[in-house]
Amino acid sequence: TLVSLPQAALRALHLSLEIVGAFHDVVSYLLAFAQLGNSPNSFCALNPEPLTPDWGGTERIGNELLEIQKMIDSLQNPLDPSEVAQLLAAHREVMFLQFDAAIRHRLRETFLSSGNVSAYQNVTDRISHALPPLSNSVIQSAFSSQLRLPQFLDPQSCRTLMHFPWRTFLMDGGLFPVTINNSINVNYNMQLCLCNLSDADRRVAHGELTAMQFLMEDVLQNCYSCANSGESGDCPALFLDPVLSCNLLRSFLILWKQLEMLKAEWGRLKLRTEDINTVPLYKEFCEQYGTDILHPAMKAIARQVGTEEDFGGPVTSTQRILPPKGASEIEMKVYQLRKLLESLEIHMIHDVQKKIKLEMTLVTSERARQESSLPTELWKHRVMQENFSVVRPQIVETFVQSLMENYQESDTEVTFKKSHLQQCLTVLGCDIMARERSNFETYSMFYENILQQLHHLLYQKEQVCSDRQHIAGLSHGMIMEITALRAQVADLEEENLSLKEKIRKEVRDEYESLVGFCFEVRREGVGNMIDLKKKFGSSENNGDLKEYLSKEQLQLLQDENIRLSKLVCKLKALNHWKQTTQKARLSAKLRDAEKEAIQNKKECLNAKMMAEQEVTSFEGQLTSIRKALVKSQADNDKLKKLLHKQKQMLLEMGHQMTQEARKREILSAMKAENVEKMLEEMEEKEQRLECLTKGAEKSSKIGQLQQKRVKKEMQEVNSKYGHQVKWGEGQGGLHWGSVSLLGPLGLECLALPCDISQAGLSYLCASAAELINCCPFALSTVRAINPLPLPLCFAYITLVFPRF
């Protein structure tokens with residue numbers, strides 16, 4: 021159908037589709053951006069939530085549409101659809117590139133520099149799935165594994181499409197390019213980029229997207245200031261033409277993307293890591309990038325501007341490097357890209373030099389080997405005869421023997437010549453070097469042979485692995501191709517069946533419409549013929565025509581009746597089928613109910629049996645428990661009696677203890693009183709004893725005086741009454757034996773008058789006893805003078821102390 025249309029209509033349709041497609045993507049992006057401020061928990065494209073003003077809302081959408089209208093109005097020919105289509109396509113690409121750069125680079129760097137590693141990891145995990153559908157990246161089809169484009173050809177270029185149309189279609193047509201529903205859900209992919217982020221992190225993302233918009237305005241403003249300075253003649257047209265402005269922003273964003281990719285690769289090579297995903301690694305990367313790339317680039321820009329003297333390097337590694345005055349974002353990124361390319365080229369050159377040096381070392385070592393056979397002889401797996409036990413050289417014995425050949429010996433020492441000792445040491449060093457050289461040669465040869473065999477085995481395994489990988493890749497490709505072909509065949513068969521059904525339906529519809537149209541035309545013709553006959557007054561009867569029309573109506577009614585009868589039959593069959601299915605369902609339910617009833621009866625019987633068994637077991641347990649209860653009650657009574665007895669005994673013992681305690685207290689009180697009394701008596705006795713001792717001392721002194729006096733008196737008495745002794749002998753009243761027993765007192769006794777009788781003597785004793793009671797120390801005094809019998813002492817006392 022498109023071939024039959026005129027060329028202008030085809031071009032108009034093509035431009036209309038371009039405009040509608042680009043505008044549809046722009047509006048989808050604006051709506052999706054406004055919905056990013058909604059709740060991240062759940063979002064749906066069919067039932068979206070109302071827009072919140074956090075991310076601009078409907079006001080931002082209106083402003084963006086007004087800006088697009090202004091851009092269209094500012095075109096050189098706003099009525100040209102080709103220019104409008106080109107502008108909308110460029111604006112759409114700028115919007116998606118801007119979102120990609122903000123999420124992929126700025127937002128992730130912000131999270132990582134602030135230490136929010138979890139948010140960085142969330143965004144990193146989701147952009148690999150969400151951002152590629154929003155870009156124009158090349159997505160190969162499942163059928164392009166064996167039919168690829170030549171290298172260094174862009175699948176999206178017109179030249180490649182002209183030379184290789186089918187291959188280009190397979191390389192850039194998606195996974196399954198024949199499918200129709202290949203639309204992209206912009207809202208879903210944009211929400212996926214910021215999924216699982218907190219409210220604070222989403223505010224940071226909103227700030228970065230807004231900063232990207234300001235950055236785009238700064239880029240255009242810098243270009244406009246460059247135009248005003250007169251450095252470029254194309255800048256005024258670039259600022260006034262919105263298409264050129266969009267192309268400039270597109271080039272800037274692509275340049276930024278290339279710079280970030282090279283920067284990431286340079287960081288991985290410099291830090292020797294797979295990914296820079298931690299804060300220490302990012303800080304180290306920033307320091308090295310600022311020192312090696314950013315500072316030289318800014319210095320080159322300052323040199324070009326002429327402000328190299330004013331531009332100074334950072335004082336510390338953590339200090340931020342400020343760009344020179346007047347430098348634009350495009351210039352800074354271009355110079356950084358050049359420095360990165362130079363650094364990567366230098367790195368590649370160093371890698372190549374290392375590989376060449378390694379290969380040269382291997383070649384020279386292979387040439388230096390003193391073997392006539394080629395390395396391919398190692399493939400024969402010859403037996404290696406290596407000597408693992410190194411022969412011990414007689415170095416020490418030889419040194420001692422040569423040293424002792426020329427020496428001078430004395431009693432206490434051994435003397436060598438200096439030249440001889442130097443010669444022996446030289447020979448010892450040569451022997452040691454020869455031993456080390458032989459050991460090195462032995463072990464190096466052994467190591468080289470082992471290394472060669474291992475290299476050979478490794479090469480064989482690599483060949484086997486590469487063959488297997490190649491076979492696996494081919495088989496996987498063939499499987500994918502077969503699967504895709506089967507899917508394509510199934511799709512084609514379904515499409516063929518649908519086309520056949522569609523053709524049948526169209527033919528049927530056309531046939532029915534034609535037949536109905538014919539009948540209507542015939543009916544109208546018959547009616548016109550009857551009207552003409554009436555008009556011209558024809559006498560012919562119109563009954564045949566009316567009968568034919570009635571037959572036709574009857575036929576139509578019969579057809580309708582047949583159709584209705586068919587419907588009734590179908591309804592009856594349907595009702596019968598419903599009844600049979602319901603009967604089958606009911607019968608099945610009835611069988612299930614009967615089975616369930618039988619099962620319930622079995623369960624009921626089992627439950628009854630189990631209940632009876634439990635009842636019997638419970639009764640047995642109850643009897644045993646009763647017996648145990650009776651036994652325990654009897655034991656309890658015994659224990660109660662014992663406890664009662666023990667309580668009584670304890671009470672009695674307590675009473676006894678209290679009584680004993682009271683007795684002890686009374687005894688202790690009495691003892692204390694007795695002790696006090698005894699102490700008082702003792703004190704009194706001590707006082708009396710002191711008095712008696714004093715009296716005794718006085719009496720002893722008096723007794724001594726009296727004794728002296730008695731001695732004097734005795735002497736006088738002895739001298740006075742000496743002649744009475746003789747008289748006493750003649751009278752026989754006393755014997756000399758008794759006088760001799762009297763001792764010194766015998767004279768006094770003899771001096772008594774002779775007429776003293778026994779009664780007189782008893783009277784003297786009684787008077788002496790009273791004297792002793794009155795003066796007890798008299799007896800002790802008399803006894804102290806001379807031990808006499810007690811009656812004589814009494815007599816002596818009465819004589820000595822007549823005054824008592």
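If you're matching positions, the sequence shown starts at 21 in the numbering used here and goes up one per residue.
Every residue gets a Cβ at the ideal spot worked out from N, C-alpha and C, and that includes glycine.
I550 places its beta carbon less than 9 angstroms from that of K566.
For T435, the three-state secondary structure derived from DSSP is strand. Less than 9 angstroms divides the Cβ of D221 from the Cβ of F131. Taking a C-beta distance under 9 angstroms as the contact criterion, K359 and I296 do not qualify as a contact pair.
Taking C-beta atoms as the reference points, A139 and L35 fail to come closer than 9 angstroms.
Note that the stretch 116 to 124 touches the stretch 262 to 279; at least 3 beta-carbon pairs, one per stretch, sit closer than 8 angstroms. If you draw a straight line from the Cα of G715 to the Cα of E706, it comes to about 14 angstroms. When secondary structure is reduced to three states using DSSP, Q428 falls in the strand class. Per DSSP, H125 lies in no alpha helix (DSSP H) segment and is marked neither H nor E. Taken through DSSP and simplified to helix, strand or coil, C624 comes out as helix. Taking a contact to require three or more Cβ pairs closer than 8 angstroms, the stretch 462 to 472 and the stretch 433 to 449 do not qualify as touching. For the pair L269 and L240, the CB atoms are nearer than the 9 angstroms cut-off. Look at G287 here: in three-state DSSP terms it is helix. Note on A231: under 16 other CB atoms within 10 angstroms of its CB, so exposed under the neighbour-count rule. Within its own chain, the residues whose Cβ lies closer than 6 angstroms to the Cβ of G287, once the five positions on either side in sequence are excluded, are I296, F305, listed in chain order. By the 16-neighbour rule on beta-carbons within 10 angstroms, T188 is buried.
With contact defined as three or more Cβ pairs closer than 8 angstroms, the stretch 107 to 114 and the stretch 39 to 48 are in contact. When C-alpha distances from T311 are compared across L342, R124, R323, the shortest belongs to L342. When rounded, the separation of the alpha-carbon atoms in P152 and S177 is 19 angstroms. Counted as a single uninterrupted DSSP element, the stretch harbouring R292 is not any alpha helix (DSSP H), since DSSP gives it neither H nor E. For the 9 angstroms CB-CB criterion, A28 and L127 do not form a contact. The beta carbon of S363 lies closer than 8 angstroms to those of W286, D312, I313 in the same chain, with the five residues before and after it left out. By the neighbour-count definition (other C-beta atoms within 10 Å, threshold 16), N156 is an exposed residue. Short of 6 angstroms from the beta carbon of E84, and not among the five residues preceding or following it, lie these beta carbons of its own chain, in chain order: L50.
C-alpha of K615 to C-alpha of S607: approximately 12 angstroms in a straight line. Here the alpha carbons of S422 and E461 stand approximately 28 angstroms from one another. The C-beta distance from C213 to R146 rounds to 6 angstroms, short enough to meet the 8 angstroms contact threshold. Straight through space, the alpha carbons of V695 and A681 are spaced by roughly 20 angstroms. With at least 16 other beta carbons inside 10 angstroms of its own, V46 counts as buried. Taken through DSSP and simplified to helix, strand or coil, I341 comes out as coil. If you draw a 10 Å sphere on the C-beta of N626, you find fewer than 16 other C-beta atoms in it, and that means exposed. Collapsing the DSSP output to three states places C444 in a helix.
Comparing alpha-carbon positions, the option among E129, T293, I350, M191 lying closest to D238 turns out to be I350.
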